[in-house]
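See below for the structure under consideration.
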Amino acid sequence: MRLILNILWFIFGSGFVLAIAYGIAALICFALIITIPFGVAALRLAVYSLWPFGRTIVSRPDAGVASGVANILWVVLAGWWLALSHIVAGVAQCVTIIGIPFGIANFKLVPAAFWPLGREIVDLD
483 MRLILNILWF IFGSGFVLAI AYGIAALICF ALIITIPFGV AALRLAVYSL WPFGRTIVSR
543 PDAGVASGVA NILWVVLAGW WLALSHIVAG VAQCVTIIGI PFGIANFKLV PAAFWPLGRE
603 IVDLD
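So for the sequence shown, this note's numbering puts the first residue at 483; every next one is plus one.
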């Protein structure tokens with residue numbers, strides 16, 4: 483079932499578009515050199531947005547103060563509008579019964595888009 487949902491998400495649920503957007507953001511962050519940690523986080527979000535079903539986000543216990551400070555900077559610059567866009571897309575997708583799983587997947591992406599550093603993506607298995 484996860485495979486079918488992931489394929490449908492990739493085609494109809496904006497997974498491909500989200501991955502490209504996060505990939506472009508990662509390339510910009512890599513080009514600016516000082517923002518390379520944000521680029522790594524954006525690449526993780528790109529991969530997670532391609533195949534969100536069957537995976538979840540957990541906090542890393544070894545994340546330090548630097549990731550917390552960087553997350554605050556991320557929230558100010560990009561995190562709040564990314565999270566808001568996932569919320570709006572999730573609500574719009576939950577209007578139809580068929581779109582409810584895609585809306586839930588968008589809601590799963592909200593914490594990652596808002597606070598990406600110090601987290602990792604793991605399989606549910």
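Built from N, CA and C at the ideal position, the CB exists for glycine as well.
Taking C-beta separations shorter than 6 Å and ignoring five residues to either side along the sequence, the partners of A523 in its chain run P598, L599, following chain order. Here W491 is near P534, since their CB atoms are less than 8 Å apart.
Here the alpha carbons of P593 and I493 stand approximately 23 Å from one another. As computed with DSSP, V540 is found in a beta bridge with E602. Shown here, S496 sits in coil according to DSSP, grouped into three states, outside any helix or strand.
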